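Peer 1: Below: one structure in structure tokens.
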Amino acid sequence: MLIDMHLHTKPRSPCSNMTPEDAVREAIDIGLDSIVITEHNLCWKKDELDDLRQKFDEIIIFNAIEVTAIEGDILIYNFYTEDKIDDLPKAQELRDRIGEDKSKFMAVAHPFREFLVVGIGSLGIDMDELLSRPIFGIVDGVETRNGQVSKKANRLANTVCKKKGLHPVGGSDAHELAQIGACVTEFKSNDIKNQVDLVKELYKGNYEVKYFRK
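Quick note: to get the numbering used here, add 741 to the position in the sequence shown (first position is 1).
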């Protein structure tokens with residue numbers, strides 16, 4: 742299954758230029774099997790998500806969340822809150838909130854976005870320092886394919902992910918239609934029907950992250 746694990750829609754994410762309906766249609770047109778809508782700091786209401794799903798039977802629509810934490814942005818899968826998270830939590834506070842039982846999955850989003858313009862060497866940061874960042878001891882995964890950062894930043898994220906023994910995640914981080922599917926996660930399973938299944942497959946590791954849309 743080809744799944745775009747990270748995208749934003751308006752008006753729930755004001756930074757996005759695409760409606761949920763347009764995003765879903767675009768995902769169908771380019772051949773995706775599923776998308777995960779990851780709004781900033783809030784989850785979709787369950788009835789509103791059901792309404793969206795009922796409009797489209799060609800694709801599976803999931804909802805997760807991208808939380809702005811003190812240490813950076815964190816994607817959380819199979820997590821639901823009715824309240825907006827706007828207090829800039831620490832990553833460990835999020836971990837404590839969702840627990841350690843592997844029913845949920847936390848991944849650092851675009852961890853090295855700041856290296857887009859300035860190289861790691863120019864910042865005076867070495868690999869040991871990156872590996873020692875506390876956040877990598879808290880999360881379950883790292884977004885190693887993000888469609889809105891440089892390939893160099895993604896390679897660095899991939900290196901850290903492997904060295905820390907974490908699970909990779911791939912998503913477009915789309916805010917515009919043309920960005921959907923830029924990066925995806927391709928699962929070997931074709932039977933991911935809900936977020937419980939999705940999280941189980943992430944922990945199993947039976948998938949690959951890849952660039953998809955040219």
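Ideal Cβ placement from N, Cα and C applies to all residues, glycine included. Just so you know, these numbers come straight off a predicted model, no measurement behind them.
Using DSSP with H/G/I as helix, E/B as strand and the rest coil, what is residue 882?
Peer 2: strand
Peer 1: Quick one: Cα of residue 752 to Cα of residue 779, how far?
Peer 2: 13 Å
Peer 1: Among all the DSSP beta bridges, which residues are the ones paired with residue 775?
Peer 2: 744, 801
Peer 1: In the structure shown, what three-state DSSP assignment does residue 933 receive?
Peer 2: coil
Peer 1: Report the three-state DSSP secondary structure of residue 770 (helix, strand or coil).
Peer 2: Helix, per DSSP.
Peer 1: Counting only the same chain and skipping the five closest in sequence on each side, list residues whose C-beta sits under 8 Å from that of residue 944.
Peer 2: 843, 846, 881, 908
Peer 1: By the three-class DSSP mapping on this structure, what secondary structure does residue 837 have?
Peer 2: helix
Peer 1: Which of the three DSSP states, helix, strand or coil, is assigned to residue 819?
Peer 2: coil
Peer 1: Could you tell me the alpha carbon to alpha carbon distance between residue 879 and residue 783, rounded to whole angstroms?
Peer 2: 21 Å
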